[in-house]
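A.B. asks: Under this note's numbering, the residue at position 69 of the sequence shown is numbered 69, and the numbers go up by one with no gaps. Ideal Cβ placement from N, Cα and C applies to all residues, glycine included.
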Amino acid sequence: MTEKPIKVPPKDAVGYGRPPKQHQFKPGQSGNPKGRPKSTPTIQQIMAKEATKHVKIKQGENIVTVSKMEALARRVFSKALEGDLSAARVIFQLAAEPETAEGAGSKEPFTLPGDDAIKRMLKRFDHLNTASGSK
């Protein structure tokens, strides 16, 4: 059998996969200069980004810089301690949910040492609230 010699095209040959020199991309030039358009962020991404931003709050005599999420948590806890039942419900609902993204390793619900006592006290508040509202 006779072997056919392999043809090597000249460097400046034009054909499939070899555009003319004037139409080839220059070094450092992209074929897609604008790139793929960025997607619209989801509401969860917007909320997560906003929650990580920092704000200055007054704590006693000091001004402290904390994340917005921490400032919100502090506010909800202070409202709950003032007797706001809806704020207390929010705390207990969040405490009953398993941790997500940040604490993905643990599926145990968040609990505090005095949770049972606080829940009993909230039930009494609910009972008093419904009793006074029905008069």
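Could you tell me which of MET69, TYR16, LYS123 and GLN44 sits nearest to VAL55, measuring between CA atoms?
C.D. replies: Closest option to VAL55, Cα to Cα, is MET69.
A.B. asks: For the beta strand (DSSP E) that LYS136 lies in, which residues bound it at each end?
C.D. replies: Since the first residue shown for the chain is 1 and the last is 135, residue 136 is missing from the structure and cannot be characterised.
A.B. asks: VAL66 to SER78, Cα distance in whole Å?
C.D. replies: Cα to Cα, VAL66 sits roughly 16 Å from SER78.
A.B. asks: When we look at the beta-carbon of ILE91 and count the other beta-carbons within 10 Å, is it buried (16 or more) or exposed?
C.D. replies: Buried, by the Cβ-count rule.
A.B. asks: Identify whether THR65 lies in helix, strand or coil by the three-state DSSP scheme.
C.D. replies: Three-state result, THR65: strand.
A.B. asks: How many Å lie between LYS135 and ALA51 at the Cα?
C.D. replies: Low confidence applies here, because LYS135 scores a pLDDT of 49, under 50, leaving its location unreliable; read the following figure in that light. The alpha-carbon atoms of LYS135 and ALA51 are separated by roughly 42 Å.
A.B. asks: Where do the N-terminal and C-terminal ends of the alpha helix (DSSP H) with ARG89 fall, by residue?
C.D. replies: Start and end: 85-96.
A.B. asks: If you reduce the DSSP assignment to three classes, tell me which class ARG18 lands in.
C.D. replies: In the structure shown, ARG18 sits in a strand (DSSP, three-state: E or B).
A.B. asks: Would you mind giving the Cβ-Cβ distance between LEU85 and PHE125, rounded to the nearest angstrom? I have them listed as a contact below 8 Å.
C.D. replies: Contact holds; Cβ gap of about 6 Å.
A.B. asks: Using a Cβ-Cβ cut-off of 6 Å (strictly less than) and excluding sequence neighbours within five positions of LYS53, which residues of its own chain qualify?
C.D. replies: Counting only Cβ-Cβ distances below 6 Å, and skipping sequence neighbours, we find LYS68.
A.B. asks: When you compare only the Cα positions, how much space is there between ALA13 and GLN22?
C.D. replies: Those two C-alpha atoms are separated by around 13 Å.
A.B. asks: Measuring CB to CB, does ARG18 end up less than 9 Å from PRO27?
C.D. replies: It is not a contact, given that the beta carbons lie outside the stated cut-off.
A.B. asks: Indicate the three-state DSSP secondary structure (helix, strand or coil) for LYS135 in the structure shown.
C.D. replies: Bear in mind that a pLDDT of 49 at LYS135, under 50, signals an unreliable position, so the number given afterwards is only what the model happens to contain. The answer is coil: DSSP assigns LYS135 none of H, G, I, E or B.
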